[in-house]
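Participant: So in UniProt numbering the end of the sequence shown lands on 123, straight run, no missing numbers. A virtual CB, placed ideally from N, CA and C, is assigned to each residue, including glycine. No experiment lies behind these values; they were computed from the predicted model shown. Before I ask anything, here is the structure I am working with.
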Amino acid sequence: MYSQKVIDHFKAPHNQGVIDDADAIGEEGNPVCGDIMKIYIKVADDRIADIKFETLGCAAAIAVSSALTDLAMGRTLDEALALNKDAIVKDLGGLPAPKIHCSMLGVEALHSAINQYKIAHKK
Ligand code: FES
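The following block contains the structure:
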C-alpha cells in the first residue's frame, strides 16, 4: 500500500515539466523496469534556484520525483547531493519494498545533474 503522501504527490506532482534554459540536466534509466527520469536544474549562488522533472515511470517514481524536487529546491549543491533514497522514502512516509528501487531513479538523476554542473563550472 502507498502512503497518503505518495498518493498526493502522484495525483498532483510538484515541479513537473522542463526548464528550457537549464544549467544542467541529469538523465537516468532504471535497468530493472526500463523507466526513465530527467531532472533539470537552474543554479544561482551555488544553490538550486529552480528544479523540474520529467519521468516515464511508475506512480512511485513520479511521487519520488515530486518529493525530491521539493526537498532539493533552495538547497546548496552539496546539501542536494547529500539527499539519498532513505531521505526521500522517509519524506514520503515509506514505500512498499518492491518500489524502493524506484526511489533511486530520481536521486541518481539529481546527482547526475549536479555533478554535470560542477564539472562544467569546475566546482
Ligand atoms: Fe520503474 Fe518504478 S517501476 S521506476
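1) So, for Met104: in the same chain, excluding its five sequence neighbours on each side, which residues have a beta-carbon less than 7 Å away from its beta-carbon?
2) Quick one: give me the first and last residue of the alpha helix (DSSP H) that Gly26 is part of.
3) Do you know how far the Cα of His111 is from the Cα of Arg47?
4) Can you give me the Cβ contacts of Tyr117 inside the same chain, cut-off strictly under 8 Å, excluding the 5 residues immediately before and after it?
5) Using a 10 Å radius around the Cβ and a threshold of 16 neighbouring Cβ atoms, would you call Met1 buried or exposed?
6) Could you check where the alpha helix (DSSP H) with Val64 kicks off and where it finishes?
7) Restricting to Cα atoms, I'd like to know which of Pro96, Leu95, His14, Lys5 is closest to Ala72.
8) How is Val107 classed by DSSP in three states: helix, strand or coil?
Facilitator: With the structure as the only source:
1) Close CB contacts of Met104 within its chain, under the 7 Å cut and outside five residues either way in sequence, are with Lys85 (chain order).
2) Where Gly26 is concerned, there is no enclosing alpha helix (DSSP H), although the beta strand (DSSP E) it sits in stretches over 24-29.
3) Arg47 and His111: Cα-Cα distance of roughly 14 Å.
4) Only residues of its own chain outside the window of five on either side were considered, and among them Asp23, Ala24, Ile41, Val43, Leu77, Lys123 have a CB closer than 8 Å to the CB of Tyr117, listed in chain order.
5) Taking all protein chains in view, the Cβ of Met1 is surrounded by fewer than 16 other Cβ atoms within 10 Å, so the residue is classified as exposed.
6) 59-72
7) His14
8) In the structure shown, Val107 adopts helical secondary structure according to DSSP, grouped into three states.
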